[in-house]
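In our numbering, the protein residues as written are 7 to 470.
Backbone N, C-alpha and C define an ideal beta-carbon position, used for all residues, glycine too.
Note that the structure is a prediction, hence the values are computed from the model and not measured.
Have a look at the structure below, then the notes.
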Ligand code: FAD
């Protein structure tokens, strides 16, 4: 076997360019390299690491059934990978290495180092297209990257129309099934496997069920945390157990069946945000270096009160919707998109806390934690980013709660101490109610905090 496929955040056998194209050249082997210390340094959550472990098991068991040998190796950090791969290739007579390109800067530096090391020992390296729906750079007519989503999306749709959306097939069975080797993963961690089964087939099943039953209602239901109106596929997409093009294919298939135009799908548009933020990483590497997209916002002096930050993390801010959301994150590793916007806006505007802390906390808890989307979402919320929320638009948590959790059902689920309150007062209990139920008073005054945040951004503008 001369072809080696190195699987990273693309833990799937279907629609995997590196796996498929390598298999066309001859028999393949697969390697996965675990880097627990590196994951820790990237603040990856235990949930995400746990799901990854499960998905590696699932992938390996499929590969051995296809007669494809697969090895799992563990090193501490990315920097150890070039040496280990050289050794592995030499020991196994490998002549070609295949992988799908990655986005954040450390990953790209890692891949560059691997390429150099392997080429030095005459092993050919074949990087394949990155995990995007439209993998070619989406550029304006002037050849520059888009900084605003809507024009990006228009161009992206045109490019999508010009390409095939058929997912790549599974590699062919290359030998009799091999026996399954036990995998040692001492870095494995617990996660909510009742919510996200570590199984690629399950991810696909959820995708098709969502497209058949909910995709057409997505626009109406997506903003209500108690309605299961979104796909909850993000953990699978983040680890690559599901490819984004498989989603497009399912959308197109179901829309055709139902006589709708798939290009108008609002869910497709949401998936385009994933591509948008990932492409931004490629065009603007400073984003991977803790820099805001709008450089002037680097001058903001955040208020950064540690006790307030901790209250936010624990879901003890005294704003029921914010607390319910943060407890959902802490308990499940996932948070509804509307709530991610509410809690991030609360953190960066009302607490006026440095968004980097919020970004890091999310990463350390999210099962779908993914650098580009998380950084993009945080910079959007903090108004420091590309096509971000205008700085003077500050979410009012109580209004958001009344609008998107009108009956307080979501709050009751995650803040059970407020269970007994009526549908109106549950959004903002009175002081007496709080005292009686042992629920904290609001840690900031909305109006004062909002005004202070807007003034801080105003000063920036005037100074500029
Ligand atoms: P659906 O609504 O079903 O959307 C389908 C898929 O599209 C998602 O699974 C996701 O892959 C992609 N997607 C949807 N919205 C966005 C978006 N705004 N940006 C990028 N991709 C998107 N998403 C992550 O995958 N990882 C993160 O670490 C992450 N951090 C976020 C932080 C903040 C502050 C905010 C505001 C958003 C963040 N998002 C992140 C985006 C979004 O909230 C989640 O993708 C979504 O809630 C996942 O639920 P779903 O799978 O049901 O989404």
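Near ligand 1: residue i beta-carbon under 7 angstroms from a heavy atom
| i | result |
| --- | --- |
| residue 238 | yes |
| residue 228 | yes |
| residue 376 | yes |
| residue 387 | yes |
| residue 113 | no |
| residue 427 | no |
| residue 456 | no |
| residue 368 | yes |
As assigned by DSSP and simplified to three states, the class of residue i
| i | result |
| --- | --- |
| residue 306 | coil |
| residue 90 | helix |
| residue 34 | strand |
| residue 402 | coil |
| residue 50 | coil |
| residue 9 | strand |
| residue 128 | coil |
| residue 147 | coil |
| residue 415 | helix |
| residue 98 | helix |
| residue 137 | coil |
| residue 376 | coil |
| residue 460 | helix |
| residue 21 | coil |
| residue 424 | helix |
| residue 5 | The requested residue 5 is not part of the displayed model; the chain covers only 7 to 470. |
| residue 69 | helix |
| residue 224 | helix |
| residue 76 | strand |
| residue 410 | helix |
Cα-Cα separation, residue i to residue j
| i | j | result |
| --- | --- | --- |
| residue 378 | residue 388 | 15 angstroms |
| residue 77 | residue 100 | 14 angstroms |
| residue 428 | residue 200 | 31 angstroms |
| residue 368 | residue 375 | 7 angstroms |
| residue 50 | residue 85 | 18 angstroms |
| residue 283 | residue 386 | 11 angstroms |
| residue 257 | residue 266 | 10 angstroms |
| residue 56 | residue 372 | 12 angstroms |
| residue 203 | residue 467 | 48 angstroms |
| residue 54 | residue 165 | 32 angstroms |
| residue 403 | residue 307 | 23 angstroms |
| residue 471 | residue 130 | This structure cannot settle anything about residue 471, because the visible part of the chain is limited to 7 through 470. |
| residue 304 | residue 362 | 11 angstroms |
| residue 365 | residue 174 | 34 angstroms |
| residue 196 | residue 318 | 24 angstroms |
| residue 280 | residue 123 | 32 angstroms |
| residue 38 | residue 79 | 6 angstroms |
| residue 344 | residue 222 | 19 angstroms |
| residue 324 | residue 336 | 17 angstroms |
| residue 432 | residue 421 | 10 angstroms |
Short Cβ contact (8 angstroms threshold) for residue i with residue j
| i | j | result |
| --- | --- | --- |
| residue 151 | residue 145 | yes |
| residue 393 | residue 230 | no |
| residue 104 | residue 125 | no |
| residue 401 | residue 332 | no |
| residue 92 | residue 127 | yes |
| residue 456 | residue 447 | no |
| residue 183 | residue 71 | yes |
| residue 423 | residue 444 | yes |
| residue 74 | residue 157 | no |
| residue 411 | residue 360 | no |
| residue 397 | residue 327 | no |
| residue 277 | residue 261 | no |
| residue 108 | residue 15 | yes |
| residue 212 | residue 237 | yes |
| residue 159 | residue 275 | yes |
| residue 18 | residue 244 | no |
Enumerated in chain order, which unbroken segments of the alpha helix (DSSP H) with a length of 4 residues or greater are wholly contained in the stretch 155-221? 155-167, 206-219
List in chain order: all unbroken alpha helix (DSSP H) runs of 4+ residues lying wholly within the stretch 316-373. 326-338, 343-351, 361-371
Output the residue ranges of the alpha helix (DSSP H) runs that lie fully inside the stretch 230-313 and measure 4 residues or longer, sorted by chain position. 240-245, 250-263, 272-289
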